[in-house]
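Single-structure report; data block below.
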Amino acid sequence: MSSDDTKPKLLGELIGDNKDMLLAPIPFSMAVGMEVVSVGPSRATLRLPWRDDLVGNPETGVLHGGIITALIDAACGSAVICALTRMTSIATLDLRIDYLRPATPGEAVLVDAECYRTTRSIAFVRALAHHGDRDDAIAHSVAAFMLGANRSPPVDRGVSGVKS
Amino acid sequence: MTPPVSLPRLARPVGNDGLLALMRAIPFARLLGVGATLDDEGRVVAQMPFAEHLIGNPRLPALHGGTIGAFLEMTAIAQLIVDMAEPGIPKTIDITIDYLRSGRPRDTFARAIVAKHGRRVANVRVEAWQEDPTRPIATAHGHFMLPPPTEGEAPEA
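Protein chains in written order, with our numbering: chain C, 115 to 278; chain W, -5 to 151.
Structure representation (C-alpha cells):
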C-alpha cells in the first residue's frame, strides 16, 4: 500500500467530470447562469457569462457588485467542498470583498477560489474575480465557512476519539 | 418587461415613488425582486420577497448567501442615494457580510445606518431580518465611493 492510499482523497480530486454537480442543485446559481470551469484539491473556478439582467447600472452595462458577491460566495463554497473528504453541509460565516475595479460590460467573470485551511468545523477561503488576467482583478475576497452546518455532523478528520 | 436603459433623475428630497423607480431601473435588483420604501424618519426599508430562484440550499431550504449579500449592498446604496445632495450612484469599495442565521424561504427586509457620510467616502452598516427585526439573519458593513460634486458648483473649502 503506497502512502497515497493511507490519505483519504479530497472531493476536489474525486469530482472530476462530475464538476457540474457542485452547482446543479442550487436554484439561484442556475437562475443566473453560473458554470463550473474546473475543480481540484481544495480549489474551484467558476464562470459567469455577462447578462443584461445582472447589470447594476443600465447606463454603463457594468455588472452589479451583488452578483459578483454571489459568484464569489458560490466559488468559495465550491472550494470548501473540494477540500473535504466527504459531503457535508456548509454555511458562510463571513465574506469580505474588495472591489478593485468595475467588471467590463459584456465580458464573462471568472472566480478562482482556494480553501487554504480547514479545521474540524471551520474552512478558510480566498478568492479572486477577474476576466482572465489575474493581474488585473475585479475583486479580491476572503471568507470563512462553518462545516457540518445546520446540525449535520462535523467533519471526521480521521482523529480517533473526537467523533460526535 | 425590459428595464429602462437609463436611471431616473431623482428629485430631492427623494420620495417613495422616486426610490421605487430607481430600484425598478436596476436590472439586477429586478431579478432579485428587491423593492424599497421610506419610513417616517426617511430611512430606507428594503424588501426582497421570497421567490424560488433565490434558493441556495433546497434541502433546508435556505436563501442563497449571495442573494442576501447583494440585497444588503443594494440597501446600503439606496440609503446613500436618499441621503446624498448630489445625483449619482455610489460605488462599492469593500463590503463585509456576516451571516448570522440561514435565510428561510420567506420575505426578507433590510435597513442601513450611514455611520459616516464623508465628502468622498461613506461607511455604512446594514442589517437584514425576516419575521423578527431583533433577530437579524445577516449584517454587513462597507465603504462606498461617493459621486464627485457636479461641475459648476463651488468647491468645498
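Note that CB positions come from ideal geometry on N, CA and C, so glycine has one too.
Have a look at C/K123 and C/T199 and give me their C-alpha separation to the nearest angstrom.
6 Å
Work out the CA separation of C/G179 and C/I195 for me, nearest whole Å.
25 Å
Beta-carbon separation of W/A116 and W/A104 under 9 Å?
no
Excluding the 5 residues flanking W/G27 on each side, which residues of the same chain have their C-beta closer than 7 Å to its C-beta?
M42, P43, A45
Could you check what DSSP says for C/A138 in three-state terms: helix, strand or coil?
coil
So W/M42 is in the beta strand (DSSP E); what residue range does that whole segment cover?
38 to 42
With distances taken from CA atoms, which of C/N171, C/A205, C/A138 is nearest W/I62?
C/A205
Positions along the stretch 17 to 36 of chain W whose CB lies within less than 8 Å of some CB in chain C
A19, I20, P21, F22, A23, R24, L25, L26
Residues bridged to W/E121 by DSSP?
W/R105, W/T133
C/A184 at chain W interface by Cβ criterion, 9 Å:
yes
From which residue to which residue does the alpha helix (DSSP H) around W/I83 run?
Element bounds for W/I83: n/a, residue is neither H nor E.
Tell me the rounded alpha-carbon separation between W/L16 and W/I107.
20 Å
Return the first residue and the last residue of the alpha helix (DSSP H) that C/D132 is part of.
Here residue 132 of chain C is Asn; the residue named in the question, Asp, does not match the sequence. First-last for C/N132: undefined, no H or E at that position.
Given C/G279 as reference, the closest of C/T218, C/M135, C/A189, C/T233 once Cα atoms are compared:
Since the first residue of chain C shown is 115 and the last is 278, residue 279 of chain C is not available in this structure.
Between which two residues does the beta strand (DSSP E) containing W/V76 stretch?
Taken as a continuous stretch (DSSP letters only), W/V76 belongs to no beta strand (DSSP E), being part of the alpha helix (DSSP H) at 59 to 77.
Under the DSSP definition of a beta bridge, which residues are partnered with C/T206?
Under DSSP, C/T206 shares a beta bridge with C/F259.
Top-ranked residue by Cα proximity to C/C190, from C/A222, C/D250, C/L160:
C/L160
Take the Cβ of W/V38 as the centre, count every other Cβ of all protein chains shown within 10 Å, and call the residue buried at 16 or more, exposed below.
buried
Whole-angstrom C-beta distance between C/L162 and C/V223, which should lie under 8 Å:
At roughly 5 Å, the Cβ-Cβ gap stays under 8 Å, so C/V223 and C/L162 are in contact.
Which residues share a DSSP beta bridge with W/K110?
W/N117
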